[in-house]
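A short write-up of the structure that comes next.
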Amino acid sequence: IDEYDEEKHLVIEVKRPKNTDNIAPGIWSTYYGGSGFLDIINNFAVDASQNSLACGVTRSIDFPTLNPIQGFNSLSGAGLDAFALKFNSGGESIWATFYGGGFNFSGVLGTSGSEFATSIAADAADNVYFVGNTFSGNFPLEQASGAHFDDNPPVDLAGNRGFIVKLDNSGNRVWASFFGEKEAGYENVSVVEVAENGHVFIAGYIDPVDVYSTFPAQATGNAHSETEGSNFITEFSPSGQVVWATLFSSSADNNQIFDMAIDGDELYVTGNVSGDGPGVFELSNLGNVSIQSTFGGGTSDAFVAKFTDERELYWSTYLGGDGYDAGISIEADGLGQVYVAGNTQSSDGSFPLQAPASGPGIFDNTLNGSQDLFIAKFSSEGAMEWNTFFGGDGEEAQMDEGDPVTFLRIGGESIDVDDCGNIYVTGRTTSEDLNVQNISGFPFHYPDINRGDNNTASDAFILTVDGNLEQKYLSYWGGARFETPLGFRMLGEDYIIFGGESSSASSAGATIPLGTLSVNSYLQDDVSNSADAFISQLTLPESISCIVNTREEVGSQQGLLVYPNPTAGTIFINTSIPGHQLRYSLYDGFGRRLSAGGIPQTVEGLPAIGLSSYPTGVYYLYLEGPGLSQGFKILKY
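The sequence shown begins at 62 in this note's numbering and counts up by one.
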């Protein structure tokens, strides 16, 4: 590197390194299902070993399994089972299992018992968590030492229970419990995430809205707590104990939390809400920024909320206009920004839009069809940095809501952010006029929607923009019939994996794009019945560039003291900035970001970052906060 002004940030632009996760380039894409008429993948996750995980629901007794912990367990022809899958980065199946019971809570043989897995996550040890809801009285439960355990059936035996299940990295059951409120008519655990410290977060939905006596509420200090609501948010310790649990929002009409994101030790949630007033949706604005403080009207508004490391409600806002609006997906970038996407039917002028300060990019202030997506960026303080419509002359959506009781096709988690600040969004579209854009090196690009013999068929789409809303890539993805993508994840920094449900059989004219990475990659080359799940993994091109900010400085600057340096394992940060307002990014000597987020605190209240899991060498620590932007060179021995 040549000489440069050390009073300014050094900005290094690097091409995306190839195969840093030892994943073969190209495409792995396959159908996944059996002879039943229903097989759906609802969500994906990626574990620390770069294996991909998926969960969903099936009605196929011959659904493909490998080393399952149980077989198909519905005794009624109308029943459904949940499933969980694990693949390595080359698309090879590691394990695949059914999960569920056979008859409903009344215990009458021949009655339908069904399960719906809605979300999946993994911890640092590659343990797997998945959640959903069950109508089965013989749902397989497992009590774990010290962990929360609820085996109570619903008071109304025709109702259901939410659940959380933990499997080890080999797919063996470790812990399984109902969770929610047994007195409710219906409930669902809609999303699960795992923080870097091993704490597990879930959120879900309860119907009807009421004050419930058996919900395991838990809150201390400044932690947010509500005693009535249609949603809940819960935090478990790594051993499964309830650390924090609260009801949240009292909106009716099946409004619910659809997704959550964890940024260090802070939490964001999004969903939809109807109405305003006391007890409906609690507003907070501790960041003292401009928020939407009133209900926009229409069927429902999207909402976004942030909780601090103490679980205090730091900010919350409506996000909606005069039509139907719902926040479906949310993701944080580790640097204090959070990105939200969802569905909107609100008219021009009523929905709160904002162009990026850097320029318009793909900003669009016109509702183009019957329903568009919205994509929004917020700061950690809650300030909207931009918000745009996205869509064409048809309809765009990030999920098919399906039946609000059974929660089929729940979706969510269809946005992600890489370490370079690129934002990836997927959904389904019926529009013929999306402004597609190819990029050199991407394995596939489809400039036109594939409708085959059906005028109303939908495709998936894949959109990539940078943090300033400049488009980098946009493509259709699908076959001759219907594709509904319901989950999306970054796989390392160089690959994306997404999937959902497809009815595009070869007999209709064209399947989805198919491919393998090796002779051992799982491949099902056609739909088995009317519709199957699908999984697609794509290699990202080198031409999507990373921008890495580093500054080689040590010691104390701008009132900061970072010590000890050199360090054997832990870096402490002495600063007057409140911990929840301080963010960090850690880079290796090649400028590759290793971790990022909010900074956890020691029991003494001092912000600290652990480096014990990293090898000896040179690292770069970058800190940001109000009025602060500072980098440090750290020596690890």
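Every residue, glycine too, gets a C-beta built ideally from N, C-alpha and C.
By the 16-neighbour rule on beta-carbons within 10 angstroms, Ser536 is buried. Cβ neighbours of Leu374 within its own chain (closer than 7 Å, five residues either side excluded): His285, Glu343, Ser345, Ala366 and Phe368. The continuous stretches of beta strand (DSSP E) do not include Asp326, and DSSP gives it neither H nor E. Within the same chain, Cβ atoms closer than 6 Å to the Cβ of Val253 are found at Ser180, Ala182, Tyr190, Val192 and Ile263, the five residues on either side in sequence being excluded. For Pro546, the enclosing beta strand (DSSP E) covers residues Glu544 to Leu552. Looking from the CA of Gly539, the closest CA among Asn511, Asn483 and Pro299 belongs to Asn511. DSSP links Lys147 through a beta bridge to Leu114 and Trp156. When the beta-carbon positions are compared, Pro546 and Ser475 come within less than 8 Å of each other. For the pair Leu552 and Gln598, the CB atoms are nearer than the 8 Å cut-off. With a cutoff of 8 Å on beta-carbon distance, Val623 and Leu682 are scored as near each other. At least 8 Å separates the beta-carbon of Gly265 from that of Ala208.
With respect to the 8 Å criterion, Ala458 and Trp447 are not classified as neighbours on the basis of their beta carbons. Taking 8 Å as the cut-off, the Cβ atoms of Pro504 and Thr360 do not count as close.
Note: Arg489 is bridge-paired with Ala458 and Ala521 in the DSSP secondary-structure output.
Note on Tyr698: under 16 other CB atoms within 10 angstroms of its CB, so exposed under the neighbour-count rule. When the Cα atoms are used, Pro687 and Asn104 turn out to be separated by approximately 35 Å.
Rounded to the nearest whole angstrom, the C-alpha separation of Gly246 and Ile267 is 8 Å. The C-beta distance from Leu127 to Ala157 rounds to 5 Å, short enough to fall under 8 Å. Here Glu153 has Ser579, Asn581, Ser582 and Tyr583 as same chain residues with Cβ atoms under 8 Å from its own Cβ, once five neighbours each way along the sequence are excluded. Annotation for Thr179: the continuous beta strand (DSSP E) segment containing it runs Glu176 to Ala183. Uninterrupted beta strand (DSSP E) stretches at least 3 residues long and entirely within the region 241 to 288 occur at 247 to 255 and 261 to 272, given in chain order. Ile632: member of the beta strand (DSSP E) spanning Thr631 to Asn635, first to last residue.
Distance between Ala393 and Ser167, taken at the CA atoms: about 43 Å. Taking Leu328 as the centre and dropping the five residues before and after it, the same chain places the C-beta of Phe368 closer than 6 Å to its C-beta, in chain order.
Spanning the alpha carbons of Thr295 and Gly570 requires a straight line of approximately 46 Å. Per DSSP, the continuous beta strand (DSSP E) segment holding Asp362 begins and ends at Asp362 to Phe368. A check of alpha carbon separations from Gln406 across Gly453, Glu442, Thr378 and Val399 identifies Gly453 as the nearest. Note on Leu696: under 16 other CB atoms within 10 angstroms of its CB, so exposed under the neighbour-count rule. When only Cα atoms are considered, Asn349 and Thr378 end up about 12 Å apart. Per the coordinates, the alpha-carbon of Phe412 lies some 21 Å from the alpha-carbon of Asp320. The alpha carbon of Asn316 has as its nearest neighbour, out of Gly220, Asp425, Phe364 and Ala518, the alpha carbon of Phe364. Per DSSP, reduced to three states, the secondary structure at Ala402 is strand. The Cβ-Cβ distance between Gln131 and Phe98 does not fall below 8 Å. Of the residues Met460, Gly397, Gly560 and Val216, the one whose Cα lies closest to the Cα of Phe439 is Gly397. Thr119 is not a Cβ neighbour of Phe595, given a cutoff of 8 Å.
The three-state secondary structure of Gln204, taken from DSSP, is coil.
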